[in-house]
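Here the structure is laid out as structure tokens; the discussion comes afterwards.
2 protein chains.
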Amino acid sequence: MQIKSDGQTYAPKGKASPVCGKGEFPVGVIGLDHGHIFGMSNGLLEAGATLALVYDPDKEKAENYCRRYEGARVARCKEEILENDRIRLIMSAAVPDQRCDLGIAAMEHGKDYFADKPPLITAAELARARDGVRRTKRKYAVYYSERRHVEAAVYAQKLLQEKAIGDLISISGFGPHRLSVGTRPDWFFDRKRYGGILVDLGCHQIEQMLVYAGASNAVIEKSRRGNYKHKEYPEFEDFGDMMLTCENGVAAYARLDWFTPDGLGAWGDGRTLMVGSDGYLEIRKYIDVARDREGDHLYLVNHEGEQHIHAAGQAGFPFFGQLIRDCLDGTDYAYDQEIEFKAIELAIRAQEMATVIK
Amino acid sequence: MQIKSDGQTYAPKGKASPVCGKGEFPVGVIGLDHGHIFGMSNGLLEAGATLALVYDPDKEKAENYCRRYEGARVARCKEEILENDRIRLIMSAAVPDQRCDLGIAAMEHGKDYFADKPPLITAAELARARDGVRRTKRKYAVYYSERRHVEAAVYAQKLLQEKAIGDLISISGFGPHRLSVGTRPDWFFDRKRYGGILVDLGCHQIEQMLVYAGASNAVIEKSRRGNYKHKEYPEFEDFGDMMLTCENGVAAYARLDWFTPDGLGAWGDGRTLMVGSDGYLEIRKYIDVARDREGDHLYLVNHEGEQHIHAAGQAGFPFFGQLIRDCLDGTDYAYDQEIEFKAIELAIRAQEMATVIK
Chain A
155 MQIKSDGQTY
165 APKGKASPVC
175 GKGEFPVGVI
185 GLDHGHIFGM
195 SNGLLEAGAT
205 LALVYDPDKE
215 KAENYCRRYE
225 GARVARCKEE
235 ILENDRIRLI
245 MSAAVPDQRC
255 DLGIAAMEHG
265 KDYFADKPPL
275 ITAAELARAR
285 DGVRRTKRKY
295 AVYYSERRHV
305 EAAVYAQKLL
315 QEKAIGDLIS
325 ISGFGPHRLS
335 VGTRPDWFFD
345 RKRYGGILVD
355 LGCHQIEQML
365 VYAGASNAVI
375 EKSRRGNYKH
385 KEYPEFEDFG
395 DMMLTCENGV
405 AAYARLDWFT
415 PDGLGAWGDG
425 RTLMVGSDGY
435 LEIRKYIDVA
445 RDREGDHLYL
455 VNHEGEQHIH
465 AAGQAGFPFF
475 GQLIRDCLDG
485 TDYAYDQEIE
495 FKAIELAIRA
505 QEMATVIK
Chain B
155 MQIKSDGQTY
165 APKGKASPVC
175 GKGEFPVGVI
185 GLDHGHIFGM
195 SNGLLEAGAT
205 LALVYDPDKE
215 KAENYCRRYE
225 GARVARCKEE
235 ILENDRIRLI
245 MSAAVPDQRC
255 DLGIAAMEHG
265 KDYFADKPPL
275 ITAAELARAR
285 DGVRRTKRKY
295 AVYYSERRHV
305 EAAVYAQKLL
315 QEKAIGDLIS
325 ISGFGPHRLS
335 VGTRPDWFFD
345 RKRYGGILVD
355 LGCHQIEQML
365 VYAGASNAVI
375 EKSRRGNYKH
385 KEYPEFEDFG
395 DMMLTCENGV
405 AAYARLDWFT
415 PDGLGAWGDG
425 RTLMVGSDGY
435 LEIRKYIDVA
445 RDREGDHLYL
455 VNHEGEQHIH
465 AAGQAGFPFF
475 GQLIRDCLDG
485 TDYAYDQEIE
495 FKAIELAIRA
505 QEMATVIK
């Protein structure tokens, strides 16, 4: 139950559909601070990767990881992974303020990189990451899970491409999360380490907005952040929201919070509402409240009528297989590196310019 | 079906529960330009009012009204109503740019006034209306129907007062509407006459936000308006949204649009999402998409669990009876005149300061 109800340990599983031969894509894991690593691992494993070597300063964490993923072996130090010639990609869910340096090191060692979100937390880090990609020609991919690891969100993209709601006009995204305050490590409450709520949770929303809108940039019109009910953690933010206008005119809004109540049968009632010229679409990602504890619900309304689509098992998670093939083939199907960085660039800017609600 | 599917003619009906004796509260009606007049009439009639006299420059409209409401009689001119000593209250759904002058005339003739929303459309009109109330000590009430004439919205207020979701932190309101472009009169597309989308539809949202938040004022952080798909009507706006912060810190957002597709079994999928410190609440006002064509759904989640509440028939519409009693008794239970005006004041400001999306 803990796994289902807490965002820290929520790790989607899909069908195995390998895109490469056994042992062809060995992955190294450095940094297990956030439970997202399990979702990242599931996704790559199902797509054919071999989880080969894992390192974390906390050896017990690394050993637990190896018990979960058969075949993975604990490394003595991160250099053992960085310098291993067989490893093709390094992934990490280290504390957010460590993710950039690790990514640059991975790329400089000739490996592609797959970071948990936020992939980095400052504008200076972003400049170095962009430079690293330019210099090394390697990949710096991000686990923007709220779109890539949610079948209903994958399915939604197909509907948008088919113009099921006409031209997109507006997107509103809601990312409530369960705090489970007693289970969180110290860094979780330290803004210098996690980046602030608009960075940490907001980058998901911005990536989603850019990709759904088919835009490569947006203007941040306004953002807010606040700590309403957790004053004992002065550097924590339990609420944030922002209004963006995409370069193509799509009007976006996103709200993030840490107020998911204990009674919800999921870690958060994540939603996306999209209005088009000829219909609208709602994604209920992780639950359909008081209706269905399973997630992946789409509600599509257009001129033809109202439709409920349960997308579970229908869309899969194509990102992971595409990422592996891109790494092996030198292609760019899984994601656009500039969008990947633009999402976090805008999130950092939204965080910096936010009005602090008292 | 037309009645159910189009916001112009959507007129809620409730149970009759008169708060006064027969004939004790005669009402005059001046201006039938918007179909909201039927919702206003139903509400007052059920609460015991007598719909006595009606005037519209279009005599056929007035005659149709009298056929719908037995006992109502067509007046020769509006003065016949203004100068009738028996009439206690005048209500109007005239074109928005006429509502203020009519209200001032009604108050100066010693009558209370009940205007369709928006109750007026400019800051200058608002100053005159406020002055009129001050001088005459009469009421200038507004048909903010999206809260007052929706049982689920009335029920939600009870839940908030009972702290079912703890302290309110955030409100997001969505007011999509069906355009039915061919059925709209010319004034509907003329911003000087309807006031713009943030005035016309936005004042609902702001009133709701202020009342639910228990705030008497708010700061408009940002607003946007645009005409995405109706360029043939250059003064029309088919989209608007805004971000406000209430004086007590509640963070609000509202989105309005005219893109309800033909396939929806209601005129608009109006929603309100509210996040509290200990739970959250969603109102699905007019339909529960692909689930139930009837409206008035509440989804309440708190530490105790998830709950679906179908509020139809449970909460009633206490506003109308309270308004009648207030007029008869000189009390102020139905509404707060300053909030009534503040909602439209903020809507006008949001409209003026909005970024126009190209």
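For the record, the sequence lines run as chains A and B.
Here this note's numbering = 1-based position in the first sequence + 154.
Here this note's numbering = 1-based position in the second sequence + 154.
Quick reminder that beta carbons are idealized off the backbone N, C-alpha and C, glycines included.
Should residue i be labelled buried (16 or more other beta-carbon atoms within 10 Å of its own) or exposed?
{"i": "B:S171", "result": "exposed"}
{"i": "B:Y487", "result": "exposed"}
{"i": "B:Q362", "result": "buried"}
{"i": "B:V335", "result": "exposed"}
{"i": "A:D239", "result": "exposed"}
{"i": "A:G168", "result": "buried"}
{"i": "B:M155", "result": "Residue confidence for B:M155 is low, a pLDDT of 33 falling below 50, so the modelled location carries little weight and cannot support an answer."}
{"i": "B:M397", "result": "buried"}
{"i": "A:S195", "result": "buried"}
{"i": "B:C357", "result": "buried"}
{"i": "A:G484", "result": "exposed"}
{"i": "B:I157", "result": "Residue confidence is low: B:I157 scores 40 on pLDDT, short of 50, so the model does not pin down where it sits. No coordinate-derived value is stated."}
{"i": "A:M428", "result": "buried"}
{"i": "A:P211", "result": "exposed"}
Taking 8 Å as the threshold (beta carbon to beta carbon), is residue i in contact with chain A?
{"i": "B:E506", "result": "no"}
{"i": "B:K215", "result": "no"}
{"i": "B:M397", "result": "yes"}
{"i": "B:E316", "result": "no"}
{"i": "B:S324", "result": "yes"}
{"i": "B:H464", "result": "no"}
{"i": "B:P330", "result": "yes"}
{"i": "B:E102", "result": "Absent from the model: residue 102 of chain B. The displayed extent of chain B is 155 to 512, so no value can be given."}
{"i": "B:A444", "result": "yes"}
{"i": "B:N456", "result": "yes"}
{"i": "B:R503", "result": "no"}
{"i": "B:Y453", "result": "yes"}
{"i": "B:R227", "result": "no"}
{"i": "B:Q156", "result": "With a pLDDT of only 40 at B:Q156, under 50, the local geometry of the prediction cannot be trusted, and the value read off the model is given with reservation. No, its Cβ sits nowhere closer than 8 Å to a Cβ of chain A."}
What number of angstroms, rounded off, separates the C-alpha of residue i from the C-alpha of residue j?
{"i": "A:C400", "j": "A:G422", "result": "26 Å"}
{"i": "B:G182", "j": "B:R301", "result": "24 Å"}
{"i": "B:F343", "j": "A:F393", "result": "38 Å"}
{"i": "B:M245", "j": "B:F179", "result": "13 Å"}
{"i": "B:G177", "j": "B:L410", "result": "40 Å"}
{"i": "A:S377", "j": "B:R347", "result": "33 Å"}
{"i": "B:Y387", "j": "B:G329", "result": "21 Å"}
{"i": "B:A278", "j": "B:K496", "result": "14 Å"}
{"i": "A:Q311", "j": "A:Y366", "result": "6 Å"}
{"i": "A:C254", "j": "A:A372", "result": "23 Å"}
{"i": "A:C481", "j": "A:K293", "result": "8 Å"}
{"i": "B:G202", "j": "B:I191", "result": "17 Å"}
{"i": "A:Y207", "j": "B:I511", "result": "For clarity, residue 207 of chain A is Leu in the given sequence; the question names Tyr instead. Using only the alpha carbons, I get a separation of about 50 Å."}
{"i": "B:K385", "j": "B:Y453", "result": "38 Å"}
Should residue i be flagged as near chain B, meaning a C-beta pair shorter than 8 Å?
{"i": "A:G459", "result": "yes"}
{"i": "A:F343", "result": "no"}
{"i": "A:K385", "result": "no"}
{"i": "A:Y298", "result": "no"}
{"i": "A:Y309", "result": "no"}
{"i": "A:Y434", "result": "yes"}
List, in order along the chain, the chain B residues whose C-beta lies closer than 8 Å to that of residue i?
{"i": "A:G403", "result": "G380, Y382, I511, K512"}
What in chain B is Cβ-close to residue i, meaning under 7 Å?
{"i": "A:K376", "result": "E375, K376, M397"}
Can you pull the chain B residues whose beta carbon is under 9 Å from the beta carbon of residue i, in chain order?
{"i": "A:R338", "result": "Here the premise fails: no neighbours, minimum Cβ distance about 18 Å."}
{"i": "A:R409", "result": "S324, S326, A405, Y407, L427, V429"}
Output, in chain order, the set of chain A residues within a Cβ distance shorter than 8 Å of residue i.
{"i": "B:Y440", "result": "Correct list: empty, because the minimum Cβ distance to chain A is about 13 Å."}
Taking any Cβ of chain B, which residues in the region 411 to 432 of chain A have a Cβ under 9 Å from it, in chain order?
-> Within the region 411 to 432 of chain A, those residues whose Cβ lies closer than 9 Å to any Cβ of chain B are, in chain order, D411, F413, T414, P415, D416, G417, L418, G419, D423, R425, L427, V429, G430, S431, D432.
Between the region 473 to 501 of chain B and chain A, which residues of the former have a C-beta closer than 7 Å to a C-beta of the latter?
-> Correct list: empty, as no residue qualifies.
With 7 Å as the C-beta to C-beta threshold (strictly closer), list the residues of the region 276 to 304 of chain B near chain A in chain order.
-> Within the region 276 to 304 of chain B, no residue has a Cβ that lies closer than 7 Å to any Cβ of chain A.
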